[in-house]
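Below is one structure, written out as C-alpha cells; the observations come after it.
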Amino acid sequence: MPSSPVRAARRLLAAGVALAVAVGLAGAAPASAATDRHSDGTQPLPGYTIDNPPLAPLVVGGAPSTVRQGVHRHAGFVIEVPAKWNGDLVMWAHGYRGQEKVLSPEPPGFGLRQRLLEQGYAWASSSYDRNGFDIRSGVRGTKDLADHFARVVKRPHRTYAAGVSMGGYVIARSLEQYPGFYDGALPMCGVLGDHQLLDFFLDYNLVAQALAGVSAYPTPPDYLSNAVPRIQVALGLAGLTPTGPDTTNARGRQLRDITIERSGGPRPGAAASFAVWKDFLFAISTTDGGDSPAERPGQLATNLFTRYGPNSPVDVNAAVQRVAPENPLQRILPTLTEVPRIAGRPTAPVVSLHNLGDLFVPFSMEQAYARDVAKHGRSRLVVHRAIRAAQHCEFTPAEAGAAWDDLTAWVRTGARPAGDPVTDRAAVAAPDYGCRFSDRAAYAAGVGTRRLYPAC
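Quick note on the numbering used here: the sequence shown kicks off at 1 and runs consecutively.
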C-alpha cells in the first residue's frame with residue numbers, strides 16, 4: 001500500500017505494473033514463441049508499445065498453472081488457468097495509467113491471483129488498447145479478451161469481473177453494456193459515480209480559490225507553484241498533517257467541511273483524510289492536456305448547479321466561480337463513449353469495496369451508484385462495504401478475499417451477503433461505521449493509514 005498520496009498518484013497515474021507470460025499449453029516456452037503463438041497478428045495502435053514480460057506460473061495443488069500472453073486487438077493480455085480449472089473465468093480490469101504510451105496488463109492484486117487459482121478459477125487481464133481515462137477502451141478490451149479466452153481455452157461456465165479504481169468504472173459500465181454476459185462483479189475503490197468524480201476535483205479547487213480570494217481558473221501554467229501556495233497560506237493548510245495540530249483558520253475549516261460533504265458526508269476519519277489529500281487535490285485538477293475526454297476528462301466537469309455547504313463564514317455559493325462543461329454532449333450521451341455515463345442498471349450481483357478516507361476516488365462514488373441503482377429498482381443486486389483506511393485502494397488480502405468469497409457464494413446460491421448502508425447519513429456518521437468489514441489484524445499491526453481511525 002502506498003504511504004502517501006504522492007506515492008499513490010505515482011503508482012496510479014504513471015504507467016503501471018508490467019506483467020505477463022510465456023508458457024504454452026504443454027509447459028514452459030521461450031517468451032517470443034509464446035507471444036507469437038497466442039497473438040492474433042495485430043500490433044499496438046500507432047504511438048503505443050506493449051510491455052508484457054514473462055509471468056511465471058504458480059504451482060497450485062502440486063501442479064503449475066498454464067499462462068498465456070499475447071496481443072489481441074491492439075492490447076496486451078495475460079491468461080492464467082489452473083491445472084484443476086473449475087470452468088469459471090475472472091476478468092481483471094486495471095486502473096488509470098495516465099497518458100503513458102506503454103500498455104501493460106497486470107494480474108489480480110491483493111492476493112487475489114493466488115486465491116483465484118487455489119479455488120480453481122482462471123483469470124485474464126487486458127492492457128486495453130490505449131491509456132488515458134478511456135473507459136470505452138477498457139470495456140471493449142475486457143469483453144474482447146473474454147471472447148478470445150473462449151476461443152483459445154474454452155467457453156467458461158461463468159464470467160466474473162473484478163478490478164480497481166478506473167477499472168471499477170469499466171466494470172460498472174460493462175454490466176450495462178453487455179447485459180447478461182458477466183455473472184458477478186467485484187469493483188474496488190471504483191469510479192462508480194462517473195462524471196461526479198470530475199465535478200469533485202473541480203469543486204475542491206474552485207471552492208479553495210473562492211475562500212482564499214485567489215482567482216486561478218482555468219488553471220495557469222504556474223498554478224501549483226504560484227496560486228496553490230498562496231491558497232494554502234490563506235487557509236492555513238500549509239502545515240496541516242493528519243496527526244498534527246489543526247492549523248486551519250475559519251476559511252480553511254470551511255474548505256475541509258465542504259470537501260467532507262462533497263466526498264460522502266461526515267464519517268469516521270474524515271478530518272484526518274482531508275489532511276492526507278489536501279495537496280494532491282490541487283495537483284490533479286490542472287486544465288491543460290489533450291482535446292479528447294480521455295486525454296483531458298476535466299473538460300466534462302461542472303459546478304453550475306452545485307450548492308455548497310456549509311456556506312459560512314464565506315458565502316461560497318455566491319462567491320465561487322461557476323464553470324460549465326466544455327463538452328456537454330459527451331457528458332449526457334447514453335452511448336459508450338470515452339468517459340460514459342453509468343445509468344445504475346447492473347445485470348449481475350455486485351460487491352463493492354471502498355475506503356472511507358479515499359479522496360482520489362471518494363466514498364461518494366458508492367453513494368452515487370447506490371442512488372442510481374435504487375432509482376432503477378436494482379438495489380438487491382448491489383452490496384457496498386466500507387473499509388476504514390484513508391488511501392486509495394488500501395485493502396488487505398483478507399478484505400478483498402472475503403468480498404470475493406461472498407460474491408461467488410452469492411452467485412452460486414443466491415444468498416445475498418451483508419454490506420454497509422451508504423446513503424443513510426446517520427449510519428455513515430456513526431463512530432463505528434466501517435468496522436464490520438475492516439481487517440482488525442491490519443489495524444492491530446498499524447498497516448497503512450489504519451491508525452488514523454479509532455479502534456473498532
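Positions of the beta carbon are idealized from the N, C-alpha and C atoms, including for glycine.
Buried versus exposed call for residue i [16 or more other C-beta atoms within 10 Å across all chains shown]
{"i": "Thr243", "result": "exposed"}
{"i": "Val233", "result": "exposed"}
{"i": "Gly41", "result": "exposed"}
{"i": "Ile332", "result": "exposed"}
{"i": "Asp439", "result": "buried"}
{"i": "Lys375", "result": "exposed"}
{"i": "Ser285", "result": "buried"}
{"i": "Ala444", "result": "exposed"}
Given residue i as reference, the closest of the options once Cα atoms are compared
{"i": "Glu118", "options": "Val90, His74, Lys84", "result": "Lys84"}
{"i": "Asn131", "options": "Pro421, Trp123, Ala301, Ala75", "result": "Ala75"}
{"i": "Gly414", "options": "Val422, Ala348, Arg230", "result": "Ala348"}
{"i": "Ala441", "options": "Leu356, Glu399, His72, Thr259", "result": "Glu399"}
{"i": "Val152", "options": "Gly70, Leu240, Leu192", "result": "Gly70"}
{"i": "Asp124", "options": "Ala389, Arg155, Thr42", "result": "In the sequence as displayed, the identity of residue 124 is Ala instead of Asp. Minimum Cα distance to Ala124 is reached at Arg155."}
{"i": "Leu304", "options": "Pro54, Leu116, Gln321, Lys375", "result": "Gln321"}
{"i": "His148", "options": "Val78, Ala172, Phe201", "result": "Val78"}
{"i": "Pro310", "options": "Asp432, Ile260, Leu240", "result": "Ile260"}
{"i": "Thr159", "options": "Pro221, Lys101, Val411, Leu255", "result": "Val411"}
{"i": "Gly434", "options": "Ala445, Tyr443, Asp420, Ala444", "result": "Asp420"}
{"i": "Pro362", "options": "Leu197, Arg113, Val207", "result": "Leu197"}
{"i": "Ile50", "options": "Asp291, Lys101, Thr408", "result": "Lys101"}
{"i": "Ser126", "options": "Tyr169, Gln114, Arg73, Ala172", "result": "Arg73"}
{"i": "Gln43", "options": "Pro397, Leu103, Gln254", "result": "Leu103"}
{"i": "Gln99", "options": "Arg115, Val59, Gly290", "result": "Gly290"}
Cut-off 7 Å between Cβ atoms - residues of its own chain near residue i, not counting five sequence neighbours on either side
{"i": "Ser174", "result": "Val139, Thr142, Lys143, Ala161, Tyr182"}
{"i": "Phe395", "result": "Phe110, Met188, Leu353, Ile387"}
{"i": "Ser137", "result": "Tyr128, Asp129, Arg130"}
{"i": "Asp432", "result": "Cys456"}
{"i": "Val170", "result": "Ala93, Ile135, Gly138, Val139, Thr142, Gly163"}
{"i": "Val228", "result": "Phe282"}
Beta-carbon proximity of residue i to residue j, cut-off 9 Å
{"i": "Phe282", "j": "Asn226", "result": "no"}
{"i": "Val422", "j": "His392", "result": "no"}
{"i": "Asp372", "j": "Ala343", "result": "yes"}
{"i": "Pro454", "j": "Pro268", "result": "yes"}
{"i": "Leu186", "j": "Val382", "result": "no"}
{"i": "Ser379", "j": "Ala368", "result": "no"}
{"i": "His94", "j": "Pro82", "result": "no"}
{"i": "Thr449", "j": "Gly377", "result": "no"}
{"i": "Glu176", "j": "Pro346", "result": "yes"}
{"i": "Leu192", "j": "Glu366", "result": "yes"}
{"i": "Val428", "j": "Gly264", "result": "yes"}
{"i": "Pro266", "j": "Arg425", "result": "yes"}
{"i": "Gly236", "j": "His157", "result": "no"}
{"i": "Leu55", "j": "Pro108", "result": "no"}
{"i": "Ala212", "j": "Ile231", "result": "yes"}
{"i": "Phe360", "j": "Arg262", "result": "no"}
{"i": "Ala122", "j": "Val90", "result": "yes"}
{"i": "Ala150", "j": "Val276", "result": "no"}
{"i": "Arg115", "j": "Pro397", "result": "yes"}
Residues near residue i in its chain [Cβ-Cβ closer than 6 Å; skip 5 each side]
{"i": "Ala28", "result": "Caution is warranted here: a pLDDT of 27 is assigned to Ala28, below 50, making its placement in the model unreliable, and the coordinate value is therefore given only provisionally. Excluding sequence neighbours, Ala28 sits near nothing in its chain."}
{"i": "Gly167", "result": "Ala93, His94, Gly95"}
{"i": "Ala210", "result": "Val316, Ala319, Val320"}
{"i": "Val6", "result": "Residue placement at Val6 cannot be trusted, given a pLDDT of 33 that sits under 50; the coordinates are not used to answer."}
{"i": "Asp194", "result": "Arg341, Ile342"}
{"i": "Leu12", "result": "For Leu12, the predicted model reports a pLDDT of 31, less than 50, meaning its position is unreliable; a value from the coordinates is still stated below. These residues qualify, in order along the chain: Gly95, Tyr96."}
{"i": "Lys278", "result": "Leu237"}
Contacts around residue i, its chain only, beta-carbon distance under 8 Å, and the 5 residues preceding and following it disregarded
{"i": "Pro293", "result": "Phe133, Gln299, Leu300, Asn327, Gln330, Thr337, Glu338, Val339"}
{"i": "Val323", "result": "Leu202, Leu206, Tyr217, Ala301, Thr302, Asn303, Leu304"}
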